[in-house]
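Chemist: Sequences listed follow chains A and B, in order.
Just so you know, we're using my numbering here: the first sequence kicks off at 21 and counts up by one.
Just so you know, we're using my numbering here: the second sequence kicks off at 2 and counts up by one.
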Amino acid sequence: MRLYAVVAAGGFRRYATYRTATAAGVFTNTVFGFIMAYTYIALWNERPQLGGYDTSQALTYVWLGQALLMASALMGGGFEKELVERIRTGDVAVDLYRPADLQLWWLAADLGRAAFHLLGRGVVPMFLGALAFDLAFPGSLWTWPAFLLSVFLGVVVSFAIRYLVAMSAFWLLDGAGATQMAMLAGLFFSGMLLPLNLFPGLLGEVARALPWSSLLQVPADVFLGKHIGWGLAGVYVFQAGWALVLLGAGRLLQTAATRRVVVQGG
Amino acid sequence: MAESVAVPADEEREPAGFAFEDRPRLLEGFRAYGLIMAMWVRSTMAYRASFAMTLFGDLAVTAFDFVTILLMFTHVDALGGYSLPEIALLYGLSATAFGVCDLLLGSMDRVGGRVRDGTLDTLLVRPVPVLAQVAADRFALRRLGRITQGLLVLGYAVACLDIAWTPLKVLMLPMTVIGGAAIFGAVFVAGAAFQFVAQDASEVQNSFTYGGTTLLQYPPTVFAKDLVRGVTFVVPLAFASWLPALYVLGREYPVDLPRWVAFLSPLVAAGCCGLAGLAWRAGLRSYRSTGS
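(1) Assess, as a yes-or-no matter, whether the segment 202-221 of chain B is touched by the segment 268-283 of chain B under the definition of 3 or more beta carbon pairs within less than 8 angstroms.
(2) Who are the near neighbours of alanine 182/B in its chain, counting only those whose CB is closer than 6 angstroms to its CB and skipping five residues on each side?
(3) Any beta-carbon of chain B closer than 7 angstroms to the one on glycine 140/A?
(4) Determine, using beta carbons only, whether methionine 38/B and alanine 137/B come nearer to each other than 7 angstroms.
(5) Using the DSSP secondary-structure output, state which residues sit across from tyrosine 256/A in a beta bridge.
(6) Output the distance between the C-alpha atoms of glycine 23/A and methionine 40/B, rounded to the nearest integer angstrom.
(7) Where does tyrosine 35/A sit, in a helix, a strand or coil, going by DSSP?
(8) Could you give the residue range of the alpha helix (DSSP H) that holds arginine 115/B?
(9) Glutamate 100/A: buried (16+ other C-beta within 10 angstroms of its C-beta) or exposed?
(10) Using 10 angstroms around the beta-carbon of alanine 186/A, count the other beta-carbons present and answer buried if the total reaches 16, otherwise exposed.
(11) In chain A, what lies closer than 7 angstroms to methionine 38/B by C-beta?
(12) Do glycine 174/A and serine 234/A have their beta-carbon atoms positioned less than 7 angstroms apart in this structure?
(13) Under a three-way DSSP split, which group does tyrosine 7/A fall into?
(14) Is the beta carbon of alanine 180/A less than 7 angstroms from the beta carbon of leucine 266/A?
(15) Along chain B, in chain order, which residues have C-beta atoms closer than 9 angstroms to that of arginine 108/A?
(16) If we define contact as Cβ-Cβ less than 7 angstroms, is tyrosine 219/B a contact residue for chain A?
(17) How long is the line joining the alpha carbons of threonine 210/B and aspartate 227/B, rounded to whole angstroms?
(18) Please confirm if glutamine 200/A has its CB atom under 7 angstroms from at least one CB of chain B.
(19) Cβ of arginine 133/A within 6 angstroms of any heavy atom in the ligand MN?
(20) Quick check on this structure: which residue in Leu265/B, Arg111/B, Arg260/B has the alpha carbon closest to the alpha carbon of tyrosine 248/B?
(21) By Cβ distance, which residues of its chain are closer than 7 angstroms to leucine 272/A, with the 5 residues on each side in sequence left out?
(22) Might you give, ordered along the chain, the residues of its own chain that have their beta carbon closer than 6 angstroms to the beta carbon of leucine 218/A, omitting 5 neighbours on each side?
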């Protein structure tokens, strides 16, 4: 357990090293936040209460999206490129005989990364957004920890998906295609483009049931106080359920992969 | 290769000066760009299946922007006072112009990385303009995906819109795409020059390139006046879609400007490219190798 805590701290520090890049990222997040915020204002001006949000809740949704874009790795990124590369080159063989679990190792590193991205890339754009627009911050102090727990579960789901993508490299060797498909799905089904409550009919129902909704839509709704009491417990079960299923699938693939692993290069 | 020994790095060639150096150098640059581009295309085509997948992926991910607009229009009939075909015209022009530029110069955000790890040195000792090498570096044919979806949306807009086409309005469309691509190109080059100073900050230029094209996909009435003024007068992205498109649509621009301003887009583009060229030179001069 201590080992994984050290790995997580390492993940945090690794991303914290690049301060200029972080500042540049914050700038870009803020610019995109502004652009999206104005389009949302136009949309909610036409249809107030669209999707059950009022305008300031919709704007809060925009800035939550920018804040979680990196932390929840909505468009992918983080560890999977590195792991795919290690699988392709055969370096993964070294990882496999380390006295640590491959999946837990990368999960710990990714949690460290996510913690940094939440602080480094999330807080400042949210703050700047709050200066420029009227945002709906939680009324109750308890919403904050509830939100953070939901974000945490979302990051785990996000990790589990990206771990599956990385595992595919054992068979495909080139991770580019799978990575891109995962990125497309993440962008579309997380609610980054538009809140999933605005997706019409069956598409909306499917999108809300898929694991990607755990990454942004669910935490945002927790933040906006849409889930309270047993409803809140329900969404935690939803998120944790997907996390367990996807982590389990990753574990199965890993077992299958290591059984047939042929190290490249040797 | 023999001549590469005789010709020192880019900078030092200038004082050697013979009077009409500029034109041949420009041609030389284009030729070099073409050769490097052809090399990357050949290398891409070695993995055809992978190319097909990434082409589709690029098309899909850029088309999401329009899907978002379509999803919005499942709830409303107009956004900022603009109908779907009208927004499609803005979107199509912006996406196509940006797509052309992204295809030609899209790898320029790698300059910062090259400065950091010192690989820019390799480019400096080759007898080819550095800008051409940097621009053609990792030329990605898959970026045709963005242009394709931009053209599709533009086609949809032209088919659906009820416009009294005049020769000037027809001319405006290709002019906007070319001028817009040049304006975005200037932003890419200026952004690359900025990376000499702020190596890790390459993401800042995404705000102006990707952010810019996203902005132009929505009608100007949606945004705050100051933002519209900013992209008209400071970073004149408005000439890449808004101003010409609004002329074609016969709509009022939120910032008070005479209608003929829409025709200035080639001039504005030329001015931007000139400024970007100067910035690039200044950036390249300030380059100091890591030495490793």
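For each residue, glycine too, the CB sits at the ideal point set by N, CA and C.
Modeler: In short, the structure shows the following:
(1) no
(2) Ala98, Val101, Cys102
(3) no
(4) yes
(5) Partner(s): none; tyrosine 256/A has no beta bridge.
(6) A small correction: the amino acid at residue 23/A is leucine; glycine does not occupy that position in the sequence shown. Cα to Cα, leucine 23/A sits roughly 47 angstroms from methionine 40/B.
(7) helix
(8) 112-118
(9) buried
(10) buried
(11) The premise fails here: methionine 38/B is roughly 21 angstroms from chain A at the closest Cβ pair, so nothing lies under 7 angstroms.
(12) yes
(13) Missing from the structure shown is residue 7/A; chain A here goes from 21 to 286 and no further.
(14) yes
(15) Near arginine 108/A there are no residues of chain B at all, since even the closest Cβ is about 13 angstroms away, more than 9 angstroms.
(16) yes
(17) 19 angstroms
(18) yes
(19) Looking at this structure, you won't find the ligand MN or any other ligand, since it has none at all.
(20) Arg260/B
(21) none
(22) Gly71
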